[in-house]
Every structure is written in C-alpha cells, then in structure tokens.
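Down below is the structure, laid out as structure tokens.
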Amino acid sequence: MRAILGAVSNLVSATSADGLIRYVNPAHKHVLGYDDADLVGKSVLEFAHPDDAHLIRDAILAAASANKQTSGEARFRHAKGHYVWLWTSVSALKDPEGRVSGIVFEHHDIDKRKVAEDVLRESEERFRIVFEYAPDATTLNTRNGVYVDCNRATEALLGYSREEMIGRNVLELGVFEQDTLAMLDEVAHLDLEKGESFMREVTIRHKSGKPLTIEFHAHPIRLRGQDLILGIGRDVTQRRAMEEALRQSESRNRAMLSAVPDLIFVLDTSGYFVDVHANGPLSALISAERFVGKQAKNVLSKNLYALFESRLRRVLQTGEAETLDYDFELDGRRRYCHGIVVKCEGDRVFVLARDVTAIKEAEDALQTRIEAEVLVSGVARTLLSLSHKRIDASITDALRRTATFLNADHALLVHAGEGKNVFLRSHAWNDPAERELSSVSTTFTMADYPWLSEQSRTANWLFFRDVADLPPTAARERTELMAENVKSVLWIPIRTEGRLTGCVRFIWRREPARIDESQVAPFAVLGDVLMTGLQRSQVETLLTDSEKRYRHLFNDMLDGFALHDIICDERGRPCDYRILEVNPAYERITGLRAAEVEGKRVRELFPGIDPEWIEIFGKVALTGEACHFERYSKEVNRHFQTTAYSPSQGQFAVILNDISERRRAEEALSESEAKWRTLVHNFPDRVILCNSDGLVQFANQPNSEFRDMALVGHNVFEFLDEDDARVVRAALARAAATDQSVDVEVSAPTPSGERRWLLGRASVFRSDQEGAQFVVTVRDITERKEAEIERRKLEAQIQHSQKLESLGVLAGGIAHDFNNLLVGIMGNAEMALSDLPLNASARIYVEDVVKAAQRASDLSRQMLAYSGKGRFVVEPVCLNDIIHEMSHLLEVSISKKAVLRFNLTNPLPMVCADTTQIRQVIMNLITNASDALGDQSGAIAVSTGVIEYDAQVFLSGFLCDPVAAGTYVYVEVTDTGCGMDEETKARIFEPFFTTKFTGRGLGLAAVLGIVRGHKGSLKVYSEAGKGSTFAILFPICEEPSVATPSATEPASAWSGAGTILVVDDEEVVRLVTGRMVSKLGFEVIHAEDGLDGVERFKADSGKIVCVLLDLTMPRMDGETALQAMRDIRADTPIILISGFNEQEVESRFAGKGFSAFLQKPFAMKDLIGALRSSLGKPDITLPSP
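The opening position of the sequence shown corresponds to residue 3 in the working numbering, with each subsequent residue numbered one higher.
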C-alpha cells in the first residue's frame, strides 16, 4: 500500500482522530516542499490557512463523529511560506471493528487553476470597468449587427436605454441609415486573426431623429467564446460645426482684405519705381521724391525687398497676380500692409497696397477670442465627456493650456471646502522653466483676502498688470506676490448663488502680461467650467461608488432580494404584483430562476397564492410603511424572515432570509437542550460553564458532598487555595491556547468543611471577542486519591520488605558458604584432637581452633536467623512464660533510670516457636529500648495479647511477606526514648546497621529473620523525640511440630562397615566428611555434584550402605538427586546435609524418604548420631504437612 501511495501524484496523509499527522506520502514534498519529519506528529491545522482552518476542523469532526466524507477547496502553507490551493477530501479511517481510528486526507493540487481563474476574473472585471465607464459610446455587437451590450456613454449619445438596445439590430433600431449597408458589411467581415479594424466618420440618428456625426471605430474581438464587434463612437458634431464657422469667418476676412488698397506703386521690369500714388493713413510717409527713379532694392529694407523680389519674379514669369503682405515698426507700433502685384501691359508692374493694421489687429483679436472660446469650449466638452477618473488630470491640463495661451507662468484653481469660509488649493500648474511658488499654503480662509470677495461681486475678472496696483486692502496678497517676484496677476472668481465659492488665478513672473481685458473676457466662464467638471467628478465618483456598492450588494448579498410593482384593481385595492428584478440569492433560496419570473405577475406564477401576501405587500407599496415578519411559504416550502419596504410609490422590495434550517435547528436545539439539561442534571459529576475569569454561568446539582454549594454568579477561584487557583488559571489558559481538553487535580472544602480531592477537565466550547467560554466537569476523586496514597505506602512497604528479603538471601548465602568452611575447620580439628595424645603440647591449640569454629558457627546461625532459615527447636510455648522467666534478666540489663512495665494478657494461646530464638528477640528489643532512653529517665513497656489479623491490618504497616489471615499472638515493646526519623527507620533492619557508637552484630536484622522463620510479622512505629514501638505477631500453635530424630547420642567407640557415598560440591566439605567417615570404619566414594552422585550411586548401588547428600549443588541439586537415587534403590539410607535449619528441610522434603539431617557445621558426634540412627533403624518418613 505504501508503494502505491508513494507513486500517486495526489497528496495522501493519515492523521489521528484529533488531526495529528501520522503518515504523509512523497507527493507532499513535491507540492508543499515538506519532508516526512516536517509534518509527522504535528496537527494538520498548523499548515492550514487561518481563514480555512475552521473548514478543516469541521471536516475532521464530521469524519470522526458522523463518519461523513467532505470535500472542498482550502489553502495550505508551503515550506517556503506562501499558500497553495488544494482540493481536499476528508474521510474516516476505521479499524477492523468499524470504529474510527483516524482521518484520511487526499489533496489535489488546484493552485494553477485558481491562479488562472483569478487572472481571468480580474481581466474580465477590468474589461467591464473600461467598457462601462469609457467616455466614448462603446457597444458590443454580433457580426450581423445585433446589440449584445452597450455602455452609459452609448445611452447618453443615442437616447436609447440599454434594455431598448440589447437584442435588437442596428438597422432595426434606426441608428444607421440604409445607405450604410456596405459599411456595415465591411465591418461584419473584419478578420480578427489579421488584426483588421475599421474607422470612418459617419452620420447616425439620435432616438429623437436628430442627425449626429461620429467618428466610428470597429474592432473584431472574442469574448466568452463569442465572435463580436467592439464599436466605439465619438461625437464630433459640435467640432465639425465649429470648424465650419471658423472657415466661414476666415472667408469673410479674406473678402475684406481683398478690397482696393490705398497705395499704388508702378515699377518697370528692372525694379525701378516709375510712379507712386499714396492715399490713406500712410500717404504722409510716401512721396515721389523718395521712390521714383530709384531701384526697389535701394529703397526697401532687405527683408521686404527679398519678399517683393520673389513676388515680382513670379508675376513676370507667370503673368498671374501675386499678393504681398508685410509689416514694419512705426512710431513704436507694428504696422501691417496688404498689397497685390499685377503685371500690366507692356513692361509695367503695378503694386496696389493698403494699411491694414487696424484690420490685422481686429482680426488677431478676433482670432485670439475664437481660440480662447474654442479652448474654453474644448475644456468644457472634455470635462463633460471624460470619465470622472480622468477629470482631475484634465483640470490640471486645462490650467496648463490656458496659462500657455495667456503666456502665464503659473495657474491655480481654488474652491470652497466643507466649511463655507475655508478654501482649498486643489489644482495647480507651474511652468517647468520656473520654480514653484513657495509661499502658497494648502488652505486659507476668505478672512485672509476680504478685498477679493468684495471686488469679485461686481467684476467677472480682476486683472492687475502690475501687482503694485493691488488695492490697499490687498496688502497681504501684494506682499506675498512681490516676494515671489510676480509681475502681473489675474483672478477669475467663481460664484454660486451670489456667494464666492472659488477662483482661478494666473501669475506672470518673467515679464508683465501683454494682454488686455478684451482677451480675458472669454475666460470669464473658465472657473465655472472647471468647477462644473470638478463637481461632476465628485458626484459621479460618489454615484459610481454607490452603484458599484449597490450592484455588489445586490449580487453578493446572502439574503434574497426582489423588486416588485403592485397591481391594483379598479377600486385601487392591491390584487396582484409583478416581479421586476431578483438577485442570485433569491434564485438560490426560492429555486425560481430570474429568467422565469422577472416581468411576470405572481398570480400567474402561483395561482393559489395566499391573498394575505398581496395584502401585506400592497400596504407597504401604497403607504410606504415598512414591515418585518417571519412566515412559511407553501409555494416554495420554505420558512422566510421577510423585510418589506417601498423604494418608490407603487413599488415594494423584499429581503428574504431563508430560516428553514434555523427553524429546524431551533427545534433540534430545543430538543437537544432538553436532553442536555436532563443529562447534565442527572450527571454524577458536577458540570460548570464559566468564562476565562472563572465566573460561573451554569452549574448542575449532582448528588455529592458539594450538592448544596451555590456556584452560579460566583467565581470558582473563591473556593480554592491560592496555589490551586493558580493551577486552575493555567489550565484554562492552556485549554484556550491549544483548543484541547486539560485535566487538573485540586482540593476544595465541602459546605461541611471537609476537604475533598477533585478532578477537573476543562474544554473550550466557545471563543469570541469577550474571551473563551469553558465547560468544566468536576469529579470527586477523594476515595481514589486515598487509595493511591495507601497503594504508594504499600509499594514502599513491599519495596522495603523486598530489600530486607534480598539482604536475607545474601545473608543466607554467606552463612551457607561459611558453614561449608566451618565443616572443614571443625572436622579436621576434631580428627586432629582424636589422633593427638592427651598430653600433646599441640592439643591446646587445636582445641582453641575448635572453640573458635564453634563461635563462628554462632555468627553463622545469626545470619541464618536473619535469612529466616536458622535452626529452630520448635515446640509449643507461651510467650508470657518466657517473659516471666526473663524478667529478672531484663531488669538488670536495662538502664538504671528506666522503668520496666509488663502488660501481659491472660490466658494467652500457645505459639509454635524456638524458645531460645524468642528470648533473643525479646532481649534484643529490650536492649534497644534501653539504649534509646540513654541517660534520660523513661519507661519501657512489654505487652502481649491476641489480634485478629487481616489484609487491612497488613496494609497498615507490617513488614515481612503477607501472612494468612487469622488469630495471632503479639508481643509489643514500647519505649519513651529518642525515637527515629524516617531515614533511620528505613535502615534499622539492614545487617550491622546501628545508631550507637559500637554495634553488637546483626541486631534487628536477626530479629527480623527469626520472625520470618516463625512465619510471623513485625511492625515498627516511631517518631523522632516521641519514642518507638515494636510489635511482633506469631501464629497460634494448633499442632506440635514433628521434629527430626535427634542425632546427639554419645558415640563412644562406635564404628561401622560398608561403603558410604559422600556427595558435595565443596571439596573441603567432601574431603573432611570422607575422612570422618573413613575414621569410623567405612569406605568412601566421593561425588562432586548431584549428577555425579547419581551416576556413582547407580554404578555401585549394591555395595553403598548410606549416602551423605548436600542439598545445594550445581548441575543437579540435592532434591533432584534424592529422587533419582530413590528411583534406583529405595531402601538405601540417605542423610541430607545443609546449612539451613532442620524445620526448613522437614517442610521442604516431607514425605520424600530421607533418613536423617545434618546441619552444617557439624561435629563428629553429630555425624555418628546420624549414621547410627540411619543404619540402625529403618528410614524415617515424615508425614506431609
């Protein structure tokens, strides 16, 4: 499966039920750039886009709880930080039992598709905006001339609405004349692939029939799979009319200038003046003496002669008349003349000239005025035709063009702001060759320039050729302008309803203005034109924004919207209504398509409609009174929340909110809440709803110690200690941060004052601007906590017991090995004594060796006692009797300042015990109690009694392994001494541990071993400074123990015959035992372990009369060897040898047929006794216990 997943291109991952990633296939590296280590173990929500994380979380919950597969688009973070679009499918992963064990994600990379969709959508949106708001009339037509769409400029140009045009042919609509068929056919056949286009000036018809001249452009385009023609028409009607007027004006001027001139010159073909005739204003300057007889080149200026000579030559060559226009400076004034050069008969040339200075100046002034008017008209037309987005730039350009026309260096538009007296400098132009004005502020008030407001009331403009001529009240303005080196200034005020609302200002800095007031007149309306354009820009911007917002709202709003006309009967009562327009949400909610319902009457669509709907909506449409209600519509089987209002008389609009799901959800919620409250109020645990500050908003009342505690309206931290409150606050913060449940344990008092342990589990169930809201379940875990405390105590006790047991095993092992050594020492020493004469000087040394070995055997017995395997002489005894017998010894053994008290229970049941060992235990405990008193006065109490022992008693602190339940006799020793701390108490049973200056041996370690050996138990209670109590339990003796026959009879001159097999893994034991047996007259066969012993016994079983068999050996132990020898020959006596006590062996080998028992170390007399009892009597078979 992993190989398959590794080969697929889709991204496949597996998570736990809570979204932690467990596996990802290699496609994640290719698409998202992550390795396995980057993803595994992390939540899938960490990689989801913040806006899409809730979709992934809902999908996980749906898969985990409802086994529902969901799919959709979501963004995930790439390793490089950007987000990638993926089509994501989420489904549940089940185990063999059908339970949800995890979540499977499958992703498909759709990032490139999403990017392409976004690019296409943005491209279409840009096209739509450009198309809709283009200043020229723009249309989309099929190739056969049917209108597909048009913009607002088209509606304004042709007078038709968009609805009237779309779907109709250009010829059918009458826009183009029939004589344009050839042109339309040429447009229809434009080749898109070749990039062909069409442009021609044509005449079209307005809806009113008025002809319009447009500059028509056509381009083939492909839009949404359709081959269309994009048509653009620019209205040039007014421009053509102005051009015609200008042409006629120029024609009139030429006619006037062609009149008879006032001067006549006659020249010959060589250029000599023959005659001169002067008339008019220039006659005083012309005289015959100055010209006649002189050549033209000597009289005329160089430039004028060059002009005249060229005309003269052409006239002589062609015979055609030539005009001659020239100018010159006279009395500081430029003079203009117009002449005609005509070849007359013969060799004469006539020059007829007139002073046209006045005409020229008038013509120039007229031309200037026309150009100014054309400029202002063009500005107005441009501002009215441009889209509002380009008006700001157009206003600045108009200032530039006007300033250039006037040869000004700076232009400024000022208009009123929101405040009536506050003015804003909104648009300005400055000659690039000149620096900008530095003293111009962004805003000012009319209080700063009162003279401007006053003088502009009666003047259309204020022109000052010299700024020094500004009125005295304009001192501030004069100072500012002169500081900027301004020579001349022109103000054109803008007034609205008699109030000054702005102005246009022109400034000349390089030289004074060379204009007169007549040239300024055409610009008197410039301010109004600019303000009109500015206001149009502002209005259209607001209108466009409003329309765009409305259209976006209309199309994108989630609620359904529909606009209607109310229809009334002849009496004026509403009887029906017509659907005018519906939005996409309306279609989605009702299931009705716009194309099917728009323009139709509701009774036509739903003949059985409830009349109440018509009555309600009719009232809204006729009275304008809005209404809001919720109602079920059987026509579409949905519940709606409806808002109805009247946008205009006779109309009403409705906003529909489909609340069907909400209604069902409310019903489900009501049912769910009822179930939830029933569940919560019957829940055994306390359930609390609170905020992050701990304020309780809800709490159930479970049947517990906290039932009567009022929580709602209180803070949970009021009921907690400071430390617990801090822990709970941290838990709530962690739950809010991780959105996961957090457990916390605290203790709190009940109304009765008792402290109880509580387990709280906090989960976030809602998070908003006011913070996280938590549901907290609280369970009383006091019993569990107490059980855990007891369990830990028991574990500590068991660990301590196991430690002591381990030490006991160690001590037993040491004693066993020590006993083996002592066997060699004692055995060899005794044989040496038997061979030495009574008067031998070495005899005393050997006897000391024997004594030392015997004392060493006492230490070995103590170690065996500690291990619980010492040699006991068990018999029924009464603890009270033993204590009475020891009372005198105990009193003299303790401190003189100690008082010894006895509290003995009578009668006291008998116990099975070794009296000597019991005395050792009691003496040890009394001695330790006396040592605990030290030099201080105090008391020691010895008590006995009977106790019923069970598991609960054992859990309360007894040492040793658990013993069987039943009746036990106890002895208890209590002192009022220094006591022990916990550290000392933990070590008192360790071998050789002591708190005294010098130790005396195994001490309490031996006591514990003896108690274990008697199947009893021991308990210690002690506190530093408060004394100590040692209590020991012994089981009641029901039947006396059957002891192994003693082998201690005197062995004077006893000997035997035959072969004895000695089996022991210790060579020293094997050799000395063999020597001892040989000394008694027996032959010896040695075996080094159980397996060797069995083989030798099998080989010589016929001559072996007895077997000495060690119990602890490698390869094969004594127990297995015993059974194997019995299988070979059952009547051969077998004596068991061990370092452990006789009772241990008896209980272990009862019923297995051994003859006698020797405990190491043993003396010759012990060996003789065992051999005599085994060879002189039949085998001893002990009954099974």
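Beta carbons: idealized from backbone N, C-alpha and C, even for Gly. Small disclaimer: the values here were computed from a predicted structure and weren't measured.
Asked                                                                                                                                                                                   : Found
Only counting the same chain, and skipping five residues up and downstream in sequence, which positions put a Cβ closer than 6 Å to that of Ala290?                                     : Val278
Excluding the 5 residues preceding and the 5 following Glu637 in the sequence, name in chain order all residues of the same chain whose CB lies nearer than 7 Å to its CB.              : Phe608, Ile611
Identify whether Asn557 lies in helix, strand or coil by the three-state DSSP scheme.                                                                                                   : helix
If you reduce the DSSP assignment to three classes, tell me which class Asp138 lands in.                                                                                                : coil
Can you check which of these residues, Phe267, Tyr85, Lys296, Arg336, is closest to Ile112 by C-alpha distance?                                                                         : Tyr85
Please state the DSSP three-state secondary structure of Ser443.                                                                                                                        : Confidence in Ser443 is poor, its pLDDT being 49 and thus under 50, which makes the residue's placement unreliable; the coordinate value appears in the next sentence. Three-state result, Ser443: coil.
For Arg256 and Ile361, I'd like the C-alpha separation in whole angstroms.                                                                                                              : Interpretation of Arg256 is limited by its pLDDT of 43, a score under 50 that renders its predicted location unreliable; no figure is taken from the coordinates.
Do the CB positions of Asp2 and Ala1033 come within less than 9 Å of each other?                                                                                                        : The chain is shown only over 3 to 1187; residue 2 falls outside these bounds and no answer can be derived.
CB-CB under 8 Å to Val317, same chain, minus the five flanking residues each way: which ones, in chain order?                                                                           : Ala323, Glu324, Val343, Val344, Lys345, Val351
Thinking C-alpha only, which one of Gly1141, Pro473, Ile509, Ser455 is nearest Arg501?                                                                                                  : Ser455
Along the chain, where does the alpha helix (DSSP H) that runs through Thr307 open and close?                                                                                           : Residue identity check: residue 307 is Tyr in the sequence provided, not Thr. Segment 304 to 320, the alpha helix (DSSP H) holding Tyr307.
Do you know offhand how far Ala739's Cα is from Ala430's?                                                                                                                               : 57 Å
So, at 8 Å on beta carbons, what are the nonlocal neighbours of Ser458 in its own chain, with the 5 sequence-adjacent residues on each side left out?                                   : Leu464, Trp493, Pro495, Arg497, Leu502, Cys505
Count the CB pairs spanning the stretch 633 to 651 and the stretch 659 to 677 that are closer than 8 Å, and state whether there are at least three.                                     : yes
Look at the alpha carbon of Leu232 and the alpha carbon of Thr481, and state the distance between them as a whole number of angstroms.                                                  : 58 Å
Helix, strand or coil for Thr144 per DSSP?                                                                                                                                              : coil
Leu415 and Ile393: beta carbons closer than 9 Å?                                                                                                                                        : no
Let me know if Phe107 comes out buried or exposed under the rule of 16 or more other beta-carbons within 10 Å of its beta-carbon.                                                       : buried
What do you reckon, are the CB atoms on Val852 and Leu835 nearer than 9 Å?                                                                                                              : yes
Only counting runs of 3 or more residues, tell me where the beta strand (DSSP E) segments fall wholly within the stretch 67 to 153, in order along the chain.                           : 72 to 79, 85 to 96, 102 to 111, 139 to 143, 149 to 152
If you measure between the beta carbons of Gly43 and Ile23, is that distance less than 9 Å?                                                                                             : yes
Please work out which residues of its chain come closer than 7 Å, Cβ to Cβ, to Phe631, disregarding the five sequence neighbours upstream and downstream, and give them in chain order. : Thr644
Considering only the beta carbon of each residue, do Gly1155 and Val1107 sit closer than 9 Å?                                                                                           : no
Assuming Ile928 contacts Leu892 under a Cβ cut-off of 8 Å, what Cβ separation, rounded to an integer in Å, is found between them?                                                       : 5 Å
With a threshold of 16 other CB atoms inside 10 Å of the CB of Trp87, please say whether the residue is buried or exposed.                                                              : buried
Within a Cβ cutoff of 8 Å, which residues of the same chain sit near Val276, ignoring the five residues on either side of it in sequence?                                               : Val268, Leu269, Asp270, Val294, Arg350
For the 8 Å Cβ check, are there 3 or more pairs between the stretch 761 to 775 and the stretch 723 to 738?                                                                              : yes
The alpha helix (DSSP H) spanning Gln1125 covers which residue range?                                                                                                                   : 1120 to 1130
Please state the DSSP three-state secondary structure of Gln228.                                                                                                                        : strand
Pull up the CB-CB distance for Leu1082 and Leu1010, whole angstroms please, since I reckon it's below 8 Å.                                                                              : Between Leu1010 and Leu1082 the Cβ distance is about 40 Å, and since that is not below 8 Å, they are no contact.
Tell whether a beta-carbon distance below 9 Å holds between His56 and Trp89.                                                                                                            : no
Among all the DSSP beta bridges, which residues are the ones paired with Val1013?                                                                                                       : The partner list for Val1013 (beta bridge, DSSP) is empty, contrary to what the question assumes.
Report yes if the C-beta distance between Ala184 and Thr156 is below 9 Å; otherwise report no.                                                                                          : no
Just the Cα atoms here: how many angstroms apart are Ala842 and Glu849?                                                                                                                 : 12 Å
On the three-state DSSP scale, how would you describe Tyr951?                                                                                                                           : strand
Around the C-beta of Leu671, are 16 or more other C-beta atoms found within 10 angstroms, so that it is buried, or is it exposed?                                                       : exposed
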